[in-house]
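**Q** Read in order, the letters of the sequence shown correspond to residues 4 to 572 in this note's numbering.
Every residue gets a Cβ at the ideal spot worked out from N, C-alpha and C, and that includes glycine.
In this text the structure is predicted, and so the values were computed from the model without any measurement.
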Amino acid sequence: FFQAEDGIRDIGVTGVQTCALPILLTLATMWALGSPQWLWWIVLPVAAVFVLPPLRRVLLSNQVLKLLRSGGFLPQISETERTAIAAGTVWLDGELFSGKPNLERLATADFPDLTPEERAFVDGPVARVCELTDDWKVWQERDLPSAVWDYLKRERFFGMIIPKEYGGLGLSASCNSAVVTKLTSRSLPLAITVMVPNSLGPAELLIHYGTQAQKQRWLPALANGSEIPCFALTEPGAGSDAGAIQATGVVFRGEDGRLMLRLQWNKRYITLAAIATVLGMAFQLHDPENLLGKGHFPGITCALIPANTPGVTLGRRHDPLGVPFYNCPTQGKDVVVALEDAVIGGAAGAGQGWRMLMECLAAGRGISLPATSAGGAQLTARAVGAYAAVRQQFGLAIGKFEGIEEPLARIAGFTYVLEAARRYTCGALDGGAKPAVVTAIAKWSSTELWRQIVNDGMDVMAGAAISRGPRNLLAHGYIGTPICITVEGANILTRTLMIFGQGAIRCHPYAYQEIEALAGNDGVRFDRAFWGHIGHVARNAVRAAVLSLTRGRIASSPVRGPEIGRAHV
Numbered sequence: 004f005f006q007a008e009d010g011i012r013d014i015g016v017t018g019v020q021t022c023a024l025p026i027l028l029t030l031a032t033m034w035a036l037g038s039p040q041w042l043w044w045i046v047l048p049v050a051a052v053f054v055l056p057p058l059r060r061v062l063l064s065n066q067v068l069k070l071l072r073s074g075g076f077l078p079q080i081s082e083t084e085r086t087a088i089a090a091g092t093v094w095l096d097g098e099l100f101s102g103k104p105n106l107e108r109l110a111t112a113d114f115p116d117l118t119p120e121e122r123a124f125v126d127g128p129v130a131r132v133c134e135l136t137d138d139w140k141v142w143q144e145r146d147l148p149s150a151v152w153d154y155l156k157r158e159r160f161f162g163m164i165i166p167k168e169y170g171g172l173g174l175s176a177s178c179n180s181a182v183v184t185k186l187t188s189r190s191l192p193l194a195i196t197v198m199v200p201n202s203l204g205p206a207e208l209l210i211h212y213g214t215q216a217q218k219q220r221w222l223p224a225l226a227n228g229s230e231i232p233c234f235a236l237t238e239p240g241a242g243s244d245a246g247a248i249q250a251t252g253v254v255f256r257g258e259d260g261r262l263m264l265r266l267q268w269n270k271r272y273i274t275l276a277a278i279a280t281v282l283g284m285a286f287q288l289h290d291p292e293n294l295l296g297k298g299h300f301p302g303i304t305c306a307l308i309p310a311n312t313p314g315v316t317l318g319r320r321h322d323p324l325g326v327p328f329y330n331c332p333t334q335g336k337d338v339v340v341a342l343e344d345a346v347i348g349g350a351a352g353a354g355q356g357w358r359m360l361m362e363c364l365a366a367g368r369g370i371s372l373p374a375t376s377a378g379g380a381q382l383t384a385r386a387v388g389a390y391a392a393v394r395q396q397f398g399l400a401i402g403k404f405e406g407i408e409e410p411l412a413r414i415a416g417f418t419y420v421l422e423a424a425r426r427y428t429c430g431a432l433d434g435g436a437k438p439a440v441v442t443a444i445a446k447w448s449s450t451e452l453w454r455q456i457v458n459d460g461m462d463v464m465a466g467a468a469i470s471r472g473p474r475n476l477l478a479h480g481y482i483g484t485p486i487c488i489t490v491e492g493a494n495i496l497t498r499t500l501m502i503f504g505q506g507a508i509r510c511h512p513y514a515y516q517e518i519e520a521l522a523g524n525d526g527v528r529f530d531r532a533f534w535g536h537i538g539h540v541a542r543n544a545v546r547a548a549v550l551s552l553t554r555g556r557i558a559s560s561p562v563r564g565p566e567i568g569r570a571h572v
């Protein structure tokens with residue numbers, strides 16, 4: 004079985020080899036044993052059917068294809084689901100479904116360090132804004148100090164991902180992640196305030212899909228903080244199921260002949276909405292007169308709506324477990340904007356919003372929340388380790404008790420894992436990959452590990468962790484943990500729908516090809532994928548049995564001796 008450089012099996016090659024190899028071995032064995040002529044007359048026609056693709060398609064594959072289509076075996080996949088499944092790229096996650104992962108490739112995947120310029124930003128402005136932020140005062144006053152807001156804008160924290168040509172910092176995914184990690188160790192509201200404009204939102208969408216005029220209009224202002232963005236996706240009846248969005252935008256022709264949009268929406272849980280000056284908006288686009296030439300219902304669309312547009316309502320705040328970051332509802336009634344100016348990508352972007360969101364989320368999930376988890380874990384490891392060294396019971400530092408050593412070991416080990424995973428995943432993103440399944444795994448596993456870490460930390464510090472005050476370093480992180488679990492798709496959904504659902508289809512070397520072939524009634528493509536899949540299962544079954552019988556002694560490792568990871572805390 005040959006393996007392509009991007010980790011995806013070439014089904015055109017493996018499908019043929021799957022059939023040919025065992026048959027050729029069978030024929031060679033028969034010849035060596037001098038099998039009788041009558042046996043050759045039985046075996047050769049069967050061999051011809053499997054070895055010759057045109058004959059195999061006519062006699063077997065096409066019949067299987069008809070049976071599966073007529074029997075209702077084809078999964079009913081909506082266009083929204085199809086876009087979600089196809090989002091992003093297959094990276095090393097493809098190795099997980101290969102049956103024989105390329106361990107050398109897994110072990111040597113690059114995750115570069117920060118550039119000198121990026122390191123200077125982390126050690127300079129990032130460290131300085133941490134000094135300016137008193138987390139206890141932030142919680143008491145329910146907002147960041149004005150000096151912190153001014154500093155964030157002046158040092159272009161809201162433009163970390165925006166290219167330098169538009170006035171942003173143009174930082175890598177690794178540096179974006181490192182910044183959020185450090186900010187989280189100081190104050191969760193500070194980290195959230197910075198990470199939201201640098202994750203899925205107007206800037207990210209404009210960079211990839213905006214028209215040149217839209218980029219020139221918005222990106223410089225977003226970079227210097229004169230415009231504060233938010234992105235409105237979630238509704239009372241539509242959370243992770245974006246296909247259920249009720250927000251609408253109706254296309255009509257204005258008096259001046261320009262195409263216009265009339266929008267209605269009711270959104271909630273929108274971070275920064277109360278102070279946003281521009282709203283990224285996801286809505287169902289309706290075109291009753293087919294003015295765009297894309298039908299009456301082009302689909303989910305993304306647009307930018309200035310907050311001061313008549314009909315836009317902002318201002319109220321949710322209370323997310325008392326954590327004082329801006330998280331708010333927003334409503335819009337008869338909000339009228341020019342279509343070409345508002346829709347991201349102009350008229351060409353109409354109906355493309357779901358694809359835009361899925362492609363951006365495929366990368367974004369691997370940055371913000373894994374970084375938040377790593378930052379909280381590092382703070383916990385430092386605080387709890389120090390506490391266990393100085394706090395004494397029965398004349399002995401509690402860190403010397405075995406009952407305390409156990410959670411301390413988990414905290415240290417999981418913190419190392421989080422930092423290694425954060426850097427490893429960001430290395431893929433900086434390399435141009437958008438591994439949707441890997442980033443979903445990173446988000447789910449990192450937030451779950453952080454939950455275990457902070458629980459262990461609370462157990463060790465006991466009374467010192469449950470009495471809130473300026474010296475309590477754990478309580479606020481503990482309170483905010485469920486928020487990290489919930490956003491960007493709650494972990495239950497992330498695990499079941501994305502890691503197992505999307506992963507089993509998208510990363511499998513044959514499953515998605517089979518579904519596509521069934522949907523398109525493509526006999527040639529189905530033949531290659533179907534028989535490749537059968538060979539894939541057979542090969543893995545044999546390999547598993549042999550490895551089990553030999554107790555794994557014939558398996559190989561890409562390293563020799565003790566291996567110490569390159570990531571460090």
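1) Would you say I488 lies against chain B (beta-carbon separation less than 8 Å)?
2) Considering R131, what are the terminal residues of the beta strand (DSSP E) in which it resides?
3) Roughly how many angstroms separate the alpha carbons of Q20 and L47, rounded to a whole number?
4) Pick out the complete alpha helix (DSSP H) segments inside the stretch 207-243, 4 residues or longer, and give them in chain order.
5) Count the C-beta pairs between the stretch 371-380 and the stretch 476-495 that are closer than 8 Å, then say yes if the count reaches three, no if not.
6) Does the Cβ of I469 have 16 or more other Cβ atoms within 10 Å, making it buried, or fewer, making it exposed?
7) Please tell me whether Q287 and T316 are closer than 8 Å, where the distance is taken between their beta carbons.
8) As a quick exercise: from F533, Q505, A520, pick the residue whose alpha carbon is nearest that of T86.
9) Pop quiz: S188 and L382 are said to be a contact at Cβ under 8 Å. What is the actual Cβ separation, rounded to whole angstroms?
10) Take every Cβ of the stretch 300-310, pair it with every Cβ of the stretch 110-127, and state whether three or more of those distances are shorter than 8 Å.
11) Give the range of the alpha helix (DSSP H) segment to which H511 is assigned.
12) Going by the CB atoms, is the gap between A366 and L432 shorter than 8 Å?
13) Let me know if K403 comes out buried or exposed under the rule of 16 or more other beta-carbons within 10 Å of its beta-carbon.
14) Does the stretch 396-414 come within contact of the stretch 205-222, defined as at least 3 CB pairs closer than 8 Å?
15) Check this for me: beta carbons of T251 and L193, under 8 Å apart or not?
16) Give me, in chain order, the residues of the same chain whose beta-carbon lies closer than 6 Å to that of D9; leave out the 5 immediate sequence neighbours on both sides.
17) Please report the straight-line C-alpha distance between E107 and S190, rounded to a whole angstrom.
18) Pick out the complete alpha helix (DSSP H) segments inside the stretch 406-484, 4 residues or longer, and give them in chain order.
19) Alpha carbon to alpha carbon, how far is T450 from G535? Give it in angstroms, no decimals.
20) Put W357 into one of helix, strand or coil per three-state DSSP.
21) If you run the structure through DSSP and keep just helix, strand and coil, what is Q381?
22) Locate the beta strand (DSSP E) running through P332, then write down its first and last residues.
23) So, do the stretch 459-466 and the stretch 383-396 have three or more beta carbon pairs nearer to each other than 8 Å?
24) Which two residues bound the contiguous beta strand (DSSP E) that contains Q66?
25) Using the rule of at least 16 other Cβ atoms within 10 Å of the residue's Cβ for burial, across every protein chain shown, is I195 buried or exposed?
26) If I follow the unbroken alpha helix (DSSP H) through H289, where does it start and stop?
27) Sort L71, F160, K437 by Cα distance to V199 and report the nearest one.
28) Is A558 helix, strand or coil by DSSP?
29) Where do the ends of the beta strand (DSSP E) carrying R157 lie?
30) Looking at A380: is its Cβ nearer than 8 Å to the Cβ of W453?
31) Three or more C-beta pairs under 8 Å: does that hold for the stretch 495-509 against the stretch 58-65?
32) Do you know how far the Cα of S177 is from the Cα of H479?
33) Is T111 buried or exposed, if buried means 16 or more other CB atoms sit within 10 Å of its CB?
34) Comparing alpha-carbon positions, which option in Q249, W142, G460 lies nearest R471?
35) Considering M263, what are the terminal residues of the beta strand (DSSP E) in which it resides?
36) I believe W447 touches I407 by the beta-carbon criterion, under 8 Å. Please report the beta-carbon distance rounded to the nearest angstrom.
**A** Per the coordinate set shown:
1) Within the model displayed, chain B is absent; a lone protein chain is all it includes.
2) Element bounds for R131: not the beta strand (DSSP E) but the alpha helix (DSSP H), 130-135.
3) Summary for Q20: the model assigns pLDDT 49, below 50, so the residue's position carries little reliability, and this model does not support an answer.
4) 215-226
5) yes
6) exposed
7) no
8) Q505
9) 4 Å
10) no
11) Premise fails: H511 is in no alpha helix (DSSP H) and is neither H nor E.
12) yes
13) exposed
14) no
15) no
16) Per-residue confidence for D9 stands at a pLDDT of 36, beneath the threshold of 50, marking its modelled position as unreliable; the derived number appears in the next sentence. Excluding positions up to five away in sequence, the list is empty.
17) 39 Å
18) 439-464, 466-469
19) 37 Å
20) helix
21) helix
22) 330-341
23) yes
24) Where Q66 is concerned, there is no enclosing beta strand (DSSP E), although the alpha helix (DSSP H) it sits in stretches over 65-73.
25) buried
26) Here H289 belongs to no alpha helix (DSSP H); instead the beta strand (DSSP E) covers 281-289.
27) F160
28) coil
29) Run containing R157: none in the beta strand (DSSP E); it sits in the alpha helix (DSSP H), 149-157.
30) yes
31) no
32) 26 Å
33) exposed
34) W142
35) 262-274
36) Actually they do not touch by this definition, with Cβ atoms about 29 Å apart.
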